[in-house]
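Below: the structure, in structure tokens.
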DNA sequence: TGCTTGCCCTGTACCGGTACAGTAGCGGTT
DNA sequence: AACCGCTACTGTACCGGTACAGGGCAAGCA
């Protein structure tokens, strides 16, 4: 108990038992490398001396792997607010659990860049809804850490897991068209932080939308609408997880029942979105926004789906419980997590056999790229277009 | 490009530039230790050679800190399903972001104990709703890693952040009593995985409930109910995040309108919960369960609050949006996260000045222990007891 | 008896950095 | 000229482990 209590290390235990340091190491990390009897003796001595086990940092350095995978995501605030992101995280955690790997949430922000190049050791990384080219990602890539990109625009040869957002959105829009809707609104994100209605033409909106999912969904909606000659009214929904009705409010505010402009008249009016008759249906970026739209509709005395059809996206846990239950596009978030973790574990394993610090290129076969399907789930929030 | 491409390290760069290894290290980690001109030269050379920066594992070992804090939680599946846990995680992440520290989700499960003592390096840990005495926690504690316990039963001298669940629950129960309710149901978790009504006396239920929050809330409810001589009917809600109505269903199934037993008759009937008249009010462990209870009530044609009052707990994001809006007990999850991270950062800082591997005991002052208040939020889901 | 085999254990050589205590040079006092 | 205090860089000594290639020794086998 003197002041000179040096840190207890493998050596301390080795000396106490009278074996080599290596044997103590094996007692903890490779039980099959020594006799059971000696192992027990060592473990007892360790317990007695207060040795808790190999220091993870040192082990990580020596082994070249640390037992953790990183999650790179733009904003964690964001990630924990959105139900789909959260469920995705949960799926990852669930997949990782049996492997014993930890999940490290890496800060991508790098607030003051002056800060020391903070960097945490990981054996692999999942890049999720993260602006491509971020410095953290680049660093990991160059270091040869296996990365899996999820819901990201296709990068050069990188493992990727994506959802067929575009096809899902297309199906959603087609669903409305099949019901006879011709005046269709869109409420989506990624176009700015202030709610409002877009005057810009759709093509420009696509170009403006940087984030992957919003862009793909917009593309999908437009695929179907363009083919039908329908030009939608697009409203901006702020990236805000409580006021999910603001986009719908802007959309419905913009419609002037007195106006006679027919939005079916095609892409003629170059002025963009002008006040027109109220849409009879709304395509929403997410179920959360769709739910806000339902609230907004109710607040205005609009019946859903008689007066207004509403389509969501994701099929989150609430979609089936709203009133009316939400027609939406389902994505399998669990499958996404499974695929991501699976691919990552494969890549980590492959790296281990090949070379400890080998080049980041993958000479063998094409990079594994998964695209998960989406599926339209028709519920009660959509119905035939009302007679004009 | 030859096969002999050795790993690029500090030394590689040092040799290329013609300086000592230490100087290269400083160029990355302590820019003020060398002239700007040389630093630029070194950084350029590093870039050219493909050196990405100090290896985090090695740096962690040498520095004694890795730039990450751990989150120890019983089941991550659990943690990501519950909105309150999720928001707590978000709050932690938000607090951590400006510090540049990563958040590592440590697996507490240790499935096959035979697995190598998986252990990831962290500078500190937050223990959240985790069975006390878990091996991972114990290991970190003995290693001298600062830990903050959140929503955990008070441990021996450990930093702790708690919420005054008991007072909140007491207030909730008192609120019902003030409305004249005497037949009160409780739907809570932690009593088993099958929905049903408890026959055991309340005292035993308290003893059975191991998890901290469920126990404290139960204690709080009973504080008020006991004082009023009311004996509640307790229903078990499985720890299940989709079928949140099962507890309420069991509770309401158990009530037989024909029976004449009056639960106000005090703790006389030693047989425990017998079919009695339907409760006029329900105390729920969480808002999620309260929401399920609202659904169940509606499905049975019970009006809330005219026929049945419902109280939740937590004041989650949905509580204000249900129909009717939920009376609940608010806890400030953000404050909880802030307090936890604050205490942890203090402890980490304190450890650094004291000694790198000093004893885990804290000789100075009493351990910092925070208890955050709760607050009853009365909304529309509670009202006067109906006339019998 | 001699040779192989396999089990246990040990010695050496790293893993890739950082802390800390110098040392050299240099402009400026006294 | 001796002394001082700076700034800029260097050398050494770790940080606490693990991989891998032996080496001693008893059992198995011809």
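Protein chains in written order, with this note's numbering: chain A, 628 to 1015; chain B, 628 to 1015.
Don't be surprised by glycine CBs; every beta carbon is placed ideally from N, CA and C.
Only a predicted model underlies this, so the values are computations on that prediction, with no experimental measurement involved.
Per-residue contacts from residue 708 of chain B into chain A (C-beta, under 7 Å): 717
Residue 1001 of chain A, DSSP secondary structure in three states: strand
Contacting residues, own chain, Cβ-Cβ under 8 Å from residue 965 of chain A (five flanking each side not counted): 718 and 722
Partner residues on chain A for residue 928 of chain B, Cβ-Cβ distance less than 7 Å: Simply none; closest approach about 16 Å.
C-beta atoms of residue 678 of chain A and residue 632 of chain A nearer than 8 Å: no
For residue 755 of chain B, the residue or residues it bridges with in DSSP: B:700 and B:777
Classification of residue 897 of chain B by the beta-carbon crowding that lies within 10 angstroms, buried from 16 upward: Only weak support is given to the placement of residue 897 of chain B: the predicted model assigns it a pLDDT of 37, under 50, and the question is left unresolved by the model.
Short Cβ contact (8 Å threshold) for residue 921 of chain A with residue 937 of chain A: yes
Residue 637 of chain A at chain B interface by Cβ criterion, 8 Å: no
CB contact below 8 Å: residue 848 of chain B versus chain A: no
C-beta atoms of residue 654 of chain B and residue 670 of chain B nearer than 8 Å: yes
Chain-order list of residues whose beta-carbon lies under 6 Å from that of residue 957 of chain A (same chain, five-residue window excluded): 942, 1002 and 1004
Residue environment, residue 869 of chain B, which counts as buried when at least 16 other CB atoms sit within 10 Å: exposed
Rounded straight-line distance, which links the Cα of residue 866 of chain B to that of residue 700 of chain B: 16 Å
Three-state secondary structure (DSSP) of residue 852 of chain B: helix
Cα-Cα separation, residue 880 of chain A to residue 858 of chain A: 18 Å
Nearest candidate by alpha-carbon position, reference residue 849 of chain B, set B:837, B:864 and B:830: B:830
Any chain A beta carbon closer than 8 Å to residue 817 of chain B: no
Assigned exposure category for residue 625 of chain A - 16 Cβ within 10 Å defines buried: Past the edges of chain A, shown from 628 to 1015, lies residue 625 of chain A, and the structure says nothing about it.
Alpha helix (DSSP H) segment containing residue 763 of chain A, residue limits: 762 to 770
Residue 774 of chain B versus residue 783 of chain B - alpha carbon distance: 12 Å
Sequence ranges, alpha helix (DSSP H) only - wholly within the segment 898 to 968 of chain A, length at least 4: 914 to 926
Three-way DSSP call (helix, strand, coil) for residue 823 of chain B in this model: strand
CA-to-CA distance, residue 778 of chain B to residue 755 of chain B, given in whole angstroms: 6 Å
Cutoff 8 Å: residue 630 of chain A Cβ touching any chain B Cβ: Note on residue 630 of chain A: pLDDT 49, under 50, position unreliable in the model; the coordinate value appears next. Chain B, which has no Cβ nearer than 8 Å to the Cβ of residue 630 of chain A, makes this no.
The segment 949 to 956 of chain A touching the segment 1005 to 1014 of chain A, judged by at least three CB pairs closer than 8 Å: yes
Residue 852 of chain B vs residue 862 of chain B beta-carbon contact at 8 Å: no
Classification of residue 634 of chain A by the beta-carbon crowding that lies within 10 angstroms, buried from 16 upward: exposed
Within 8 Å, strictly: CB atoms of residue 822 of chain A and residue 876 of chain A: yes
The segment 681 to 703 of chain A: positions lying closer than 7 Å to chain B by Cβ: 683, 684, 685, 687, 688, 693, 694, 695 and 703
Given residue 806 of chain A as reference, the closest of A:839, A:750 and A:932 once Cα atoms are compared: A:932
Beta-carbon proximity of residue 684 of chain A to residue 693 of chain B, cut-off 8 Å: yes
Simplified DSSP assignment, three categories, for residue 727 of chain B: coil
Span separating the alpha-carbon of residue 1010 of chain B from that of residue 935 of chain B: 8 Å
Neighbour flag for residue 733 of chain B against chain A, beta carbons, 8 Å: yes
Distance CB(residue 833 of chain A)-CB(residue 845 of chain A) smaller than 8 Å: yes
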